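>
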Amino acid sequence: MVSLPSFIVFPLQSHVVAFHTLCYTIQLFTLHIILLNILILKNTQQVNMTNVYGGESPSRLEGKLSAMIVCWILGFGSLISWNSMLTIGDYYYNLFPDYHPSRVLTLVYQPFAFGTMSILAYNESKINTRRRNIFGYSLFVASTFMLLVLDLATSGRGGLGSFIGICVIVAFFGVADACVQGGIVGDLSFMLPDFIQSFFAGLAASGALTSALRLITKAAFEKSNNGLRKGAMLFLAISTLFEFLCVLLYTYFFPKLPIVKYFRSKAALEGSKTVQADLAAAGIQTKEDQNEQNERLSNKELFIQNIDYALDLFLIYVLTLSIFPGFLYENTGEHKLGTWYPLVLIASYNVWDLISRYLPLVKFLKIESRKGLTIAILSRFLLIPAFYFTAKYGDQGWMILLVSFLGLTNGHLTVCVMTAAPKGYKVSAGIVSCSMKFILIFFVISNKNFLFSFDRGLNKMPWVIY
1 MVSLPSFIVF
11 PLQSHVVAFH
21 TLCYTIQLFT
31 LHIILLNILI
41 LKNTQQVNMT
51 NVYGGESPSR
61 LEGKLSAMIV
71 CWILGFGSLI
81 SWNSMLTIGD
91 YYYNLFPDYH
101 PSRVLTLVYQ
111 PFAFGTMSIL
121 AYNESKINTR
131 RRNIFGYSLF
141 VASTFMLLVL
151 DLATSGRGGL
161 GSFIGICVIV
171 AFFGVADACV
181 QGGIVGDLSF
191 MLPDFIQSFF
201 AGLAASGALT
211 SALRLITKAA
221 FEKSNNGLRK
231 GAMLFLAIST
241 LFEFLCVLLY
251 TYFFPKLPIV
261 KYFRSKAALE
271 GSKTVQADLA
281 AAGIQTKEDQ
291 NEQNERLSNK
301 ELFIQNIDYA
311 LDLFLIYVLT
321 LSIFPGFLYE
331 NTGEHKLGTW
341 YPLVLIASYN
351 VWDLISRYLP
361 LVKFLKIESR
371 KGLTIAILSR
381 FLLIPAFYFT
391 AKYGDQGWMI
401 LLVSFLGLTN
411 GHLTVCVMTA
421 APKGYKVSAG
431 IVSCSMKFIL
441 IFFVISNKNF
451 LFSFDRGLNK
461 MPWVIY
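No gaps in the numbering here: position 387 of the sequence shown is 387 in UniProt numbering, and each next residue is one more.
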């Protein structure tokens, strides 16, 4: 049997694993510092634009870097709660060994996200985007805090009642996710593609950093009493604080940035009704007749014009979610890393998913051709036989390599699709992005329900999770 070189396989001793993870985390933050320095250099360039909200035309719109950092934090906060749930999966498997928590909680999460997104997408032009996003982040704060309260109230005991309580809270996660991700992406679509890229990079960062922290806490608490529970409680507390930070940033800081005010005012002039509350929060009043200047395309027209992008998202996440996270927790066999193995796989996926979302910043790496995107996405399905034979015959090093490549392609292609779809639209840019998110959730839940229904016949295949 062929094995990868030993230096890419994590060592067995828990303290050594923690040390390597800490080094990995430091390297990750170093990457972010380098990228921020690049953005600072770009931000020093002057941006000449016409002032659409009155007064003299500014020679330079300030706040681009600040806006990108806030977008990154908002992306981080919109998924940190759910990623914390996935990352502490070993704790829930210990509490509920017979309930398949990773798979069942995903099935609970997605229908509520889909139902909420359906309603919001249909009524997009009538909804106050500001209230929608603030409500979503506030619901994340309350739901994550309730997970802490539930665990403390039950003293970390398992049982059907506790599991049902967790499922109810996860359903609220789905509602909050539909409010926040669709609303924020739609809002940012009126602005610069760099803002959308930063938001999606933040989404990936939440998975990468929670995975790194989970490995460190597992090593720190492994030999202590209730070590798994202590690590899980720490995760949920950190998630609650980050969600609260997102509420403050989006409510009080983000609307007042000059570049944000510019693009929202520009969207209002082009006929958008969803930005009026945001402009009012920044002290800008719009005229009633501004909304008559452009007509919004119908949802059907937008869907027909972007059906290839919709299918691209479907194909990206059919493959990704058929492997991650359920298959990685339950169907990869026994290896030398023992209980560390699924955590290392999850961390590998999340780290490379994060790194790949910065790749579109490099011009020649960004795929903008519609045909090119479709070809690249279809080629990912070659990973299915690769995962099958690796799970059956390969060593853990090869599986880590495959999972890393899965994360690399997932993040890169997602950002390419989501930044390309709104281009060429004015007032409809927001609903294009909201529709992309809606279509993504629709196809994801359809895929997972299909796989769940046929589990009895297909559960020997490595790519099937429910």
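Just so it is clear, CB atoms sit at the ideal spot from N, CA and C, and this is done for glycine as well. Quick caveat: nothing in here was measured; it's all calculated off a predicted structure.
Under the rule that 16 or more other beta-carbon atoms within 10 Å means buried, what is F199, buried or exposed?
For the purposes of this step, residue 199 is taken as the residue at position 199 of the sequence shown. Buried is the call here.
> Leaving out five residues before and five after A347 in sequence, what residues of the same chain have Cβ atoms less than 7 Å from its Cβ?
Translated into positions along the sequence shown, residue 347 becomes position 347. Around A347: S211, A212, L215.
> Who are the near neighbours of L359 in its chain, counting only those whose CB is closer than 6 Å to its CB and skipping five residues on each side?
Here residue 359 refers to the residue found at position 359 when the sequence shown is read from its first residue. Around L359: L365, H412.
> Can the beta-carbon of A121 be found less than 8 Å from the beta-carbon of L257?
Taking the sequence shown and counting its residues from 1, the one referred to as residue 121 is at position 121. Taking the sequence shown and counting its residues from 1, the one referred to as residue 257 is at position 257. Result no, Cβ atoms of A121 and L257 do not sit closer than 8 Å.
> Which class does H412 belong to by DSSP, given the choice of helix, strand or coil?
Looking up residue 412 in the sequence shown gives position 412. Helix at H412.
> Could you give the distance in angstroms between the alpha-carbon of I69 and the alpha-carbon of E62?
One-based indexing of the sequence shown puts residue 69 at position 69. One-based indexing of the sequence shown puts residue 62 at position 62. Their backbone Cα atoms lie some 13 Å apart in a straight line.
> Below 8 Å, can you find three or more Cβ-Cβ pairs linking the region 186-194 to the region 96-116?
Here the region 186-194 does not lie against the region 96-116, with fewer than 3 beta-carbon pairs under 8 Å apart.
> Y393 to I119, Cα distance in whole Å?
On the sequence shown, residue 393 is found 393 positions in, with the first residue counted as 1. On the sequence shown, residue 119 is found 119 positions in, with the first residue counted as 1. Straight-line Cα distance between these residues: approximately 46 Å.
> For G174 versus Y109, is the C-beta spacing smaller than 8 Å?
Residue numbering aside, residue 174 sits at position 174 when the sequence shown is read from its first letter. Residue numbering aside, residue 109 sits at position 109 when the sequence shown is read from its first letter. Less than 8 Å separates the beta-carbon of G174 from that of Y109.
> Short check: CB of Y137 to CB of Y262, under 8 Å?
Translated into the one-based positions of the sequence shown, residue 137 becomes position 137. Translated into the one-based positions of the sequence shown, residue 262 becomes position 262. In this structure, Y262 does not lie closer than 8 Å to Y137 by Cβ.
> Answer yes or no: do S78 and D177 have a C-beta to C-beta separation smaller than 8 Å?
In the sequence shown, residue 78 corresponds to position 78, counting from 1. In the sequence shown, residue 177 corresponds to position 177, counting from 1. In this structure, D177 lies closer than 8 Å to S78 by Cβ.
> So for Y309, helix, strand or coil by DSSP?
Position 309 of the sequence shown, counted from the start, is the residue given in the question as residue 309. It is helical.
> Let's test the definition: count the other Cβ atoms within 10 Å of the Cβ of I304 and tell me whether it reaches 16, buried, or not, exposed.
Against the sequence shown, residue 304 aligns to sequence position 304. Exposed: under 16 other Cβ atoms inside 10 Å.
> Which residue's Cα is closest to the Cα of S356: F76, V415, F253?
Translated into positions along the sequence shown, residue 356 becomes position 356. That would be V415, whose Cα lies nearest to the Cα of S356.
> So, with DSSP's three-state summary, where would you put L337?
Position 337 of the sequence shown, counted from the start, is the residue given in the question as residue 337. Coil.
> Out of G202, V344, F387, point me to the one whose CA is closest to L74's CA.
Here residue 74 corresponds to residue number 74 of the sequence shown, with the count starting at 1. Cα-wise, what sits closest to L74 is G202.
> By how many angstroms is the C-alpha of L373 removed from the C-alpha of V247?
The residue you call residue 247 lines up with position 247 of the sequence shown. The residue you call residue 373 lines up with position 373 of the sequence shown. Approximately 35 Å between the Cα atoms of the pair.
> Is it true that the CB of F235 sits closer than 8 Å to the CB of T87?
Stepping through the sequence shown from its first residue, residue 87 is reached at position 87. Stepping through the sequence shown from its first residue, residue 235 is reached at position 235. Cβ atoms of T87 and F235: closer than 8 Å.
> With the cut-off set at 8 Å, would you say T240 and G231 are in Cβ contact?
By 1-based counting over the sequence shown, the position of residue 240 is 240. By 1-based counting over the sequence shown, the position of residue 231 is 231. Their beta carbons are not under 8 Å apart, which means T240 does not touch G231 by this criterion.
> Using a Cβ-Cβ cut-off of 6 Å (strictly less than) and excluding sequence neighbours within five positions of Y99, which residues of its own chain qualify?
Working through the sequence shown from its first residue, we reach residue 99 at position 99. Excluding residues within five positions, the ones whose Cβ falls inside 6 Å are F163.
> Using 10 angstroms around the beta-carbon of N123, count the other beta-carbons present and answer buried if the total reaches 16, otherwise exposed.
Along the sequence shown, one-based indexing puts residue 123 at 123. Taking all protein chains in view, the Cβ of N123 is surrounded by fewer than 16 other Cβ atoms within 10 Å, so the residue is classified as exposed.
> Are the beta-carbon atoms of G183 and N133 separated by less than 8 Å?
Locating residue 183 in the sequence shown gives position 183, counting from the first residue. Locating residue 133 in the sequence shown gives position 133, counting from the first residue. Result yes, Cβ atoms of G183 and N133 sit closer than 8 Å.
> Spatial neighbours of L150 within its chain, please: CB distance less than 6 Å, with the 5 preceding and 5 following residues excluded, ordered by chain position.
Here residue 150 is taken as the residue at index 150 of the sequence shown, counted from 1. Once the five neighbours on either side are set aside, the close Cβ partners of L150 are G165.
> Please classify P97 as buried or exposed, where buried requires at least 16 other C-beta atoms within 10 Å of its C-beta.
As a first step, residue 97 is located in the sequence shown; it is residue number 97 there, counting from the start. The residue is exposed, with fewer than 16 neighbouring Cβ atoms inside 10 Å.
> Work out the CA separation of S206 and I375 for me, nearest whole Å.
For the purposes of this step, residue 375 is taken as residue 375 along the sequence shown, with counting starting at 1. For the purposes of this step, residue 206 is taken as residue 206 along the sequence shown, with counting starting at 1. Cα-Cα distance, rounded: 29 Å.
> Taking the alpha helix (DSSP H) that K392 falls in, what are its first and last residues?
Residue numbering aside, residue 392 sits at position 392 when the sequence shown is read from its first letter. It spans 383-393 - the alpha helix (DSSP H) in which K392 sits, taken as one unbroken run.
> So, are the CB atoms of L319 and L383 less than 8 Å apart?
Here the question's residue 319 lines up with position 319 in the sequence shown. Here the question's residue 383 lines up with position 383 in the sequence shown. Going by C-beta atoms, L319 is nearer than 8 Å to L383.
> Give me the residue from A113, T116, G89, V344 with the minimum Cα distance to A208.
Taking the sequence shown and counting its residues from 1, the one referred to as residue 208 is at position 208. Considering only alpha carbons, the answer is V344.
> At which residue ranges does the region 78-130 contain complete alpha helix (DSSP H) runs of 4 or more residues, listed in the order of the chain?
89-95, 101-122
> Since R370 and D308 should fall inside the 8 Å C-beta cutoff, what is the C-beta to C-beta distance between them, to a whole number of angstroms?
Within the sequence shown, residue 370 is the residue found at index 370, counting from 1. Within the sequence shown, residue 308 is the residue found at index 308, counting from 1. D308 and R370 do touch by the CB rule: their CB atoms are close to 6 Å apart, below 8 Å.
> Just to confirm, are L408 and W352 a CB contact at a threshold of 8 Å?
For the purposes of this step, residue 408 is identified with residue 408 of the sequence shown, where counting begins at 1. For the purposes of this step, residue 352 is identified with residue 352 of the sequence shown, where counting begins at 1. It is a contact, given that the beta carbons lie within the stated cut-off.
> Could you tell me the boundaries of the alpha helix (DSSP H) in which I377 lies?
Here residue 377 is taken as the residue at index 377 of the sequence shown, counted from 1. Start and end: 370-379.
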